[in-house]
Structures are given as C-alpha cells and as structure tokens.
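J.: This is the structure, below, for whatever I ask next.
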Amino acid sequence: MGERLQKYLSAAGIASRRKSEEFITAGRVTINDKVAQLGDKVEAGDVVKLDGKVAEAQDKMVYLMLHKPEGYITSTHDQFNRPDVMALIPKTYPRVYPIGRLDYDTSGMLLLTNDGALTQALTHPSHQAEKVYVAKVKGTPTEKEIEAFSTGLDIEGERTAPASLKVTNPDQNGASSVKITLREGRNRQVRKMCEAIGHPVVFLKRIATGGIYLGELKRGQVRELTSAEVSRLKRYEKS
762 MGERLQKYLS AAGIASRRKS EEFITAGRVT INDKVAQLGD KVEAGDVVKL DGKVAEAQDK
822 MVYLMLHKPE GYITSTHDQF NRPDVMALIP KTYPRVYPIG RLDYDTSGML LLTNDGALTQ
882 ALTHPSHQAE KVYVAKVKGT PTEKEIEAFS TGLDIEGERT APASLKVTNP DQNGASSVKI
942 TLREGRNRQV RKMCEAIGHP VVFLKRIATG GIYLGELKRG QVRELTSAEV SRLKRYEKS
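Counting in the working numbering, the sequence shown runs without a single skipped number right up to 1000 at its last residue.
Right, dumping it as structure tokens:
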C-alpha cells in the first residue's frame, strides 16, 4: 500500500508534515530520482531524497536550543544569500530543522529538532505553544492600547488572537521595555501588532517557548534540551 510521502518524511524526522508538503510542492523531494508530487506514496525499497540528499530515518532524536543572534534567517533558502541558523549548529549533530521561525532581525530562543511529530505539534494552529518575548518599543503603550492588544488586532485583513503586553520599564528616552506573550506564529506578528497600536519595535528577543526558557545561554550558543524539557514539549503532541 505504501506510505504517504509527507508522512514518511515526518516519521523519519526530516520535517513536519506541513513543512514536508512545502518541500514537495517546491519540487525539492524526489522518489527514485523522480520529482515527487503531493499524494505520492513511498514503497519498500524506494529512495527518497530532499535537495539531492537521501532522507532516511534518524537513529536518535535530537532536541536543541539555539540563542539566535540578529542577522540570521531560519529558512534554508534565501534569495539574498543571508546566513542561516544552520551555520551555527555543530556538525556533530544529525540534521535538524527549526521549530517555527524567528525573524532575521530578532534574537533569542530557537528550538531545533529532527523529530517531525513534535515540530508539527508545536506549530499546529490549533494548539501552538506559548511564546514569550521581551522588547523595546517606541513610546509607552497606554492602558487602552494594552487592552486592544489583549483582545486582538486587525492586521492585514485578519484578526489576531488575544495576546498579553506588559510594560516593564516605561519612558526610557522615548522608549519602553515590554514583555509580550502570544500563541500565534504569523510572519513578523509581534512587530506588526506593536506597529498597529502605534509603538514600533526597536529591539525584540524571544525568551521562552512552550514553558522552556532561554536562561543564560549566550548569543550564538547551542545546547541540548534536558529530558524534563523534552517531556514538557511532548505534552503538545497529546493536546
């Protein structure tokens, strides 16, 4: 009967099913050296490749935390040839993929793994993991603006989910420090939401995902998650 290609890639720890579908649609996946299509199935003995490299199951699942500096992208293909975060991952680890994304000009926690099922669970729209950011924004948000942030904002024709914004240090030479918590992961969402209430972001850093915190990990450094941290994230697979 065979196994659907995107399921095969996810089970092999290559990427989430959703991301695998993007790879397939982009023509980056082949089966027996023929460009694959959505709906294709993998039979016993088939050779599946992603970008010309054999996509095979990993013997060991790896879970990493990176303190991403500004100036790196989280995708592996970029028309401007900007550096990507994979350049920061030691070659001693198996091939891993970012869980979600973090903007080029945003720093902070980025989780990476070869566990496709976990990636899918953490990024699925129905139960995306909570993400916490610290930021510096222009001006100081008012109570009315904070309330608007918490009830959802209309951005590019879509309503955002409720999010939390707390001013932690106001009026610093025309800027304020804030803490932002949200569950959605739209493109540049934090920046767009702050812009929508009239307080553009000057600096942005993610400090937590799914209850796992960046802590003292230095910029550009990588560490493996502890077993307790992995277990905490695995709860999202059951929700």
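Glycine included, each C-beta is placed from N, C-alpha and C at the ideal position.
Values in this document were obtained by computation on a predicted structure and should not be read as measured data.
By a C-beta neighbour count over all protein chains shown, 10 Å radius and 16 as the cutoff for buried, is A890 buried or exposed?
T.: Buried: at least 16 other Cβ atoms inside 10 Å.
J.: Pick out the complete beta strand (DSSP E) segments inside the segment 778-845, 3 residues or longer, and give them in chain order.
T.: Correct list: 790-792, 809-811 and 824-829.
J.: Check the C-beta distance from T867 over to V823 and give it rounded, since I have them as a contact under 8 angstroms.
T.: Not quite, the Cβ-Cβ distance comes to about 24 angstroms (not below 8 angstroms), so this is no contact.
J.: Going by other Cβ atoms of all chains shown within 10 Å of its Cβ, with 16 needed for buried, is V796 buried or exposed?
T.: Looking at its Cβ environment, which holds fewer than 16 other Cβ atoms inside 10 Å, V796 is exposed.
J.: Taking only the alpha-carbon atoms, compute the straight-line gap between K900 and T880 and give it to the nearest angstrom.
T.: In the sequence as presented, Lys is not what sits at residue 900; that position holds Gly. Their Cα atoms are separated by approximately 36 angstroms.
J.: Where does V991 fall in DSSP's three states?
T.: Helix.
J.: If you measure between the beta carbons of L943 and A957, is that distance less than 8 angstroms?
T.: Cβ distance not < 8 angstroms, so L943 and A957 don't count as in contact.
J.: Given a cut-off of 8 angstroms on the beta-carbon distance, is the pair V846 and T835 in contact?
T.: Going by C-beta atoms, V846 is nearer than 8 angstroms to T835.
J.: For the segment 928-946 against the segment 787-794, do three or more pairs of beta-carbon atoms, one drawn from each stretch, fall closer than 8 angstroms, so that the two count as touching?
T.: At 8 angstroms Cβ cutoff, the stretches do not touch.
J.: Hey, quick one: how far does the alpha helix (DSSP H) through I907 stretch, first residue to last?
T.: It spans E904 to T912 - the alpha helix (DSSP H) in which I907 sits, taken as one unbroken run.
J.: Would you mind listing the alpha helix (DSSP H) stretches within the segment 908-955 that are 4+ residues and don't spill past its ends, in chain order?
T.: Those alpha helix (DSSP H) runs which fall completely within the segment 908-955 and span 4+ residues do not exist here.
J.: Comparing alpha-carbon positions, which option in M954, V808 and L799 lies nearest G918?
T.: When only C-alpha atoms are compared, the closest one is M954.
J.: Between the C-alpha atoms of E804 and G763, what's the straight-line distance to the nearest angstrom?
T.: One C-alpha to the other measures close to 5 angstroms.
J.: Is any heavy atom of the ligand HEM found at a distance shorter than 7 angstroms from the C-beta of D876?
T.: No copy of the ligand HEM occurs in the structure displayed, which carries no ligand at all.
J.: Along the beta strand (DSSP E) that carries L965, what are the first and last residues, could you check?
T.: Its beta strand (DSSP E) spans residues V962 to T970.
J.: With the cut-off set at 8 angstroms, would you say L994 and L883 are in Cβ contact?
T.: Cβ atoms of L994 and L883: closer than 8 angstroms.
J.: Report the residue from G806, L825 and Q767 whose alpha carbon sits nearest the alpha carbon of Q798.
T.: Nearest of G806, L825 and Q767 to Q798, Cα basis: Q767.
J.: Determine the contact status of R984 and M870, defining contact as a CB-CB distance below 8 angstroms.
T.: Their beta carbons are not under 8 angstroms apart, which means R984 does not touch M870 by this criterion.
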